[in-house]
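Novice: The structure under discussion is supplied below as structure tokens; questions concerning it will follow.
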Amino acid sequence: MTPDAVLFDLDSTLCRSTRDDRQLHAEAFARAGVEPFCTPEDVREVASTITDADTDHEFFRQVFERAAARAGAEPVDAEALAGATVELRDPTAVEWRPGAKVALERARERAQVGLVTNGTQKTQRAKLDTLGIADAFETIVYAPDQTDPKPSPAPFETALAELDVSADSTLYVGNDYRADVIGAKRAGLAACWVPSETDLDAPEDPAHAPDYRFDSTEELTTVF
1 MTPDAVLFDL DSTLCRSTRD DRQLHAEAFA RAGVEPFCTP EDVREVASTI TDADTDHEFF
61 RQVFERAAAR AGAEPVDAEA LAGATVELRD PTAVEWRPGA KVALERARER AQVGLVTNGT
121 QKTQRAKLDT LGIADAFETI VYAPDQTDPK PSPAPFETAL AELDVSADST LYVGNDYRAD
181 VIGAKRAGLA ACWVPSETDL DAPEDPAHAP DYRFDSTEEL TTVF
């Protein structure tokens, strides 16, 4: 397709953290004084199911509560774990995912470009400033601050309305199958799935299959 608009996810699609995930995970448990009951992989799996958190703290509180329940752990101090995680995370410690900068530049040359992210404006704006792309988008939807988060159709519909484009002429690019692919398809957009290494085992849903799948963001330029 030749889209009139291209919408991007941010985390693990355009950028990735420069911090070691396992080290950050271990430090959060140590700071909270909680014995580890889950892995970073468990956290990522649970995180994709959280759809009603309004703040980063609330998001991680729910993540650790659900991870503990899944692990059959004794009641844990999810508040302390959430607080430690938020304190330790540095939103400026990001870098481009290989190929993503070129893909974004290519999209900007050919279509309207927007960003739809499940992160708060405070956190995500710091990442955009670090990457130097705070002004690269015609619209940015910070889902927790403005709408229900992905996979709800709401943030996609907000972006479409702000760009004044139709869903069937818009492509969405993201790494998270549940939030990005299913969310985009629910809103009627074409979806391009670019899984990171930690997303490869995501269970696929035949009812919401991506229109494109690439193992690298470097391949995105073949679409637009």
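In this note's numbering, the protein residues as written are 1 to 224. Here a beta-carbon is modelled for each residue, glycine too, at the ideal position from N, C-alpha and C. Computed from a predicted model, the values in this text were never measured in an experiment.
Does the distance from the CB of Gly83 to the CB of His57 come in under 8 Å?
Specialist: In contact: Gly83 and His57 (Cβ atoms closer than 8 Å).
Novice: Taking just the CA atoms, how far does Arg110 sit from Cys15?
Specialist: Spanning the two alpha carbons is a distance of roughly 21 Å.
Novice: Using the beta-carbon count (16 or more within 10 Å), is Arg61 buried or exposed?
Specialist: Looking at its Cβ environment, which holds 16 or more other Cβ atoms inside 10 Å, Arg61 is buried.
Novice: How far does the alpha helix (DSSP H) with Gly83 in it extend, from its first residue to its last?
Specialist: Gly83 -> alpha helix (DSSP H) spans Ala78 to Leu88.
Novice: Looking at the C-beta of Glu105, does it have a partner C-beta in chain C at a distance below 8 Å?
Specialist: Of the chains in the structure shown, none is chain C; there is only one protein chain.
Novice: Only counting runs of 3 or more residues, tell me where the beta strand (DSSP E) segments fall wholly within the region 155-192, in order along the chain.
Specialist: Whole beta strand (DSSP E) segments, 3+ residues: 170-174.
Novice: Please state if the CB of Val6 and the CB of Val113 are separated by a distance shorter than 8 Å.
Specialist: It is a contact, given that the beta carbons lie within the stated cut-off.
Novice: Please report the Cβ distance between Gly174 and Pro151, rounded to the nearest whole angstrom; I am assuming they are in contact, meaning their Cβ atoms lie under 8 Å.
Specialist: The Cβ separation is near 10 Å, so there is no contact.
Novice: CB Tyr142 to CB Thr120, shorter than 8 Å?
Specialist: Contact flag set, yes.
Novice: Any idea if Ser166 is buried or exposed, counting beta-carbon neighbours within 10 angstroms, 16 or more meaning buried?
Specialist: With fewer than 16 Cβ atoms within 10 Å of its Cβ, Ser166 is classed as exposed.
Novice: Which of helix, strand or coil does DSSP assign to Glu138?
Specialist: It is coil, neither helix nor strand.
Novice: Would you report the Cα separation of Arg44 and Glu218, rounded to the nearest angstrom?
Specialist: Each residue's alpha carbon lies about 24 Å from the other.
Novice: With a threshold of 16 other CB atoms inside 10 Å of the CB of Arg66, please say whether the residue is buried or exposed.
Specialist: Answer is buried; the Cβ neighbour count reaches 16.
Novice: Below 8 Å, how does it come out for the region 127-144 and the region 21-30: are there three or more Cβ pairs, yes or no?
Specialist: The region 127-144 vs the region 21-30: no contact.
Novice: What is the residue span of the alpha helix (DSSP H) that Ala103 lies within?
Specialist: Ala100 to Arg110 is the extent of the alpha helix (DSSP H) around Ala103.
Novice: Starting from Arg44, trace the alpha helix (DSSP H) in both directions and tell me its first and last residue.
Specialist: Note, Arg44: alpha helix (DSSP H), Pro40 to Ala47.
Novice: What's the gap between the Cα of Asp215 and the Cα of Ser196?
Specialist: About 7 Å.
Novice: Pull the bridge partners of Ser17 from the DSSP assignment, please.
Specialist: DSSP lists Val94 as partners of Ser17.
Novice: CA-CA distance, Leu81 and Asp211?
Specialist: Each residue's alpha carbon lies about 38 Å from the other.
Novice: Rounded to the nearest angstrom, what separates Trp96 and Phe37 at their Cα positions?
Specialist: Straight-line Cα distance between these residues: approximately 31 Å.
Novice: What distance in whole Å lies between the Cβ atoms of Ala126 and Pro247, which are believed to be in contact at a cut-off of 8 Å?
Specialist: Beyond the ends of the chain as shown, which are 1 and 224, falls residue 247; an answer cannot be given.
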